[in-house]
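Chemist: After the structure tokens below, expect a handful of questions from me.
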Ligand SMILES: Nc1nc2c(ncn2[C@@H]2O[C@H](COP(=O)(O)OP(=O)(O)O)[C@@H](O)[C@H]2O)c(=O)[nH]1
Ligand SMILES: [Mg+2]
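Numbering (the numbering used here), first residue to last: 11 to 211.
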């Protein structure tokens, strides 16, 4: 598939499952805790500075954002979790939407891959483990993207990779990609995973 990654637009910020798009093109979803670097990753992948909002006050809006890439695939930004200031009501909205994405999505067969972001300096949080366990149950394919690697020195990098790869929650054979939106390390690797899965019928 030839794809123009500069031809992108935000199609919808869906606040409820009934708004999820039904176009018959592959969907690649992005999941992770608030502040892990999800918006920055999407901006880096799409060569944009401000397409996905990079926020210093994360977690405010609870929506599923569908970015159309060249009319050929959707990058789907799932709402972040672990945002401490959320009320119980907002937390319910969060779980309803994310669960809805996997269980009420009319195009679930087109969700080819979830990019699960984990902060390389922190490793898996309790919520990350819960999310990965949930994906194991749904059977959706996923890769782990370790973010903010520019903040690590060489020995910290090695340690981070070992910690991330050895956690028994991971489905066997799970790929881990080191990524930084500062240095763009890993950008090509993320794209090649996306295209591999997107083309997988
Ligand atoms: N050093 C560094 N900072 C990053 C990186 N990615 C994101 N950030 C910063 O982390 C914060 C949260 O990023 P954002 O993309 O909004 O995270 P989101 O809440 O997961 O969408 C912002 O201050 C970003 O500038 C990275 O690769 N390296
Ligand atoms: Mg964001």
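All C-beta atoms, glycine included, are put in the ideal place defined by N, C-alpha and C.
(1) With H, G and I counted as helix, E and B as strand and the rest as coil, what does DSSP make of residue 115?
(2) Nearest to residue 162 by CA position, among 130, 81 and 32, is which residue?
(3) Does residue 89 pass the burial test, meaning 16 or more other C-beta atoms within 10 Å, or should it be called exposed?
(4) Where do the N-terminal and C-terminal ends of the alpha helix (DSSP H) with residue 48 fall, by residue?
(5) Can you tell me whether residue 36 is buried or exposed, with buried defined as 16 or more other CB within 10 angstroms of its CB?
(6) Suppose the cutoff is 7 Å on Cβ atoms and the five residues either side in sequence are ignored; what does the same chain contact list for residue 201 look like?
(7) According to DSSP, what are the bridge partners of residue 87?
(8) Return the first residue and the last residue of the alpha helix (DSSP H) that residue 142 is part of.
(9) In chain order, what residues of the same chain have a beta carbon less than 8 Å from the beta carbon of residue 172, not counting five sequence neighbours either side?
(10) Going by the CB atoms, is the gap between residue 204 and residue 179 shorter than 8 Å?
(11) Which residues does DSSP list as the beta-bridge partners of residue 180?
(12) Helix, strand or coil for residue 80? Go by DSSP, reduced to three states.
Modeler: Taking the structure as given:
(1) The residue labelled residue 115 in the question sits at position 105 within the chain shown. In the structure shown, the three-state DSSP call for residue 115 is coil.
(2) Counted from its first residue, the chain shown places residue 162 at position 152. Of 130, 81 and 32, the residue nearest in Cα terms is 130.
(3) As a first step, residue 89 must be located in the chain shown, where it is residue number 79. Label assigned to residue 89: buried.
(4) Locating residue 48 in the chain shown gives position 38, counting from the first residue. Unbroken alpha helix (DSSP H) run through residue 48: 48-55.
(5) The residue labelled residue 36 in the question sits at position 26 within the chain shown. Classification for residue 36: buried.
(6) Working through the chain shown from its first residue, we reach residue 201 at position 191. Counting only Cβ-Cβ distances below 7 Å, and skipping sequence neighbours, we find 55.
(7) Against the chain shown, residue 87 aligns to sequence position 77. Residue pairing for residue 87: DSSP places it in a beta bridge opposite 40 and 75.
(8) On the chain shown, residue 142 is found 132 positions in, with the first residue counted as 1. 136-148 is the span of the alpha helix (DSSP H), which, as asked, contains residue 142.
(9) For this step, residue 172 is matched to residue 162 along the chain shown. Result list for residue 172: empty, nothing under 8 Å.
(10) Numbered from 1 along the chain shown, position 169 holds the residue referred to as residue 179. Numbered from 1 along the chain shown, position 194 holds the residue referred to as residue 204. It is not a contact, given that the beta carbons lie outside the stated cut-off.
(11) Taking the chain shown and counting its residues from 1, the one referred to as residue 180 is at position 170. DSSP lists no partner for residue 180.
(12) Within the chain shown, the letter at position 70 stands for residue 80. Looking at residue 80 - three-state DSSP - the assignment turns out to be coil, as it is neither helix nor strand.
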